[in-house]
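Q: FYI, the numbering for the sequence shown is 178 to 265, going by the working numbering.
Heads up, the beta-carbon is just placed ideally off N, CA and C, and yes, glycines get one too.
Just so you know, these numbers come straight off a predicted model, no measurement behind them.
Take this structure, written in structure tokens, and hold onto it; I'll ask about it next.
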Amino acid sequence: MNRYKRALAGAAIAGSMLVGGVAGAVIYAATAVTAAAASPSAAVAAASPSPSATTPGKFVPNEDPAHEAGESAAREAQENAGQVPTVP
């Protein structure tokens, strides 16, 4: 009977380790997918409409004086370089 209890305890420990390892892997994979979905580049792309949606081809900056007044120097530099602005 003593050997039976030892074998049963060993099987219970091994089973709990296996279940815990699988559960840990599933939780880790779920957090990795969530972190990838919440990346800043995806949020920026979703928040602002892309200029290519209206005009395919080269980026055309908004040179309206009212728009230019509230624009940062970094954004203006990106626009002048022909890049899609990534800074506010």
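So for Asn239, helix, strand or coil by DSSP?
A: Asn239 falls in the coil class under three-state DSSP.
Q: Output needed for Ser249: all residues of its chain with C-beta closer than 8 Å, excluding positions within five of it in sequence on either side, in chain order.
A: Val264 and Pro265, listed in sequence order.
Q: What is the DSSP secondary structure of Gly198, counted as helix, strand or coil?
A: Note: Gly198 maps to helix in three-state DSSP.
Q: Under the three-state reduction of DSSP, which class applies to Gly259: helix, strand or coil?
A: It is coil, neither helix nor strand.
Q: Tell me the rounded alpha-carbon separation between Val237 and Gly259.
A: Straight-line Cα distance between these residues: approximately 7 Å.
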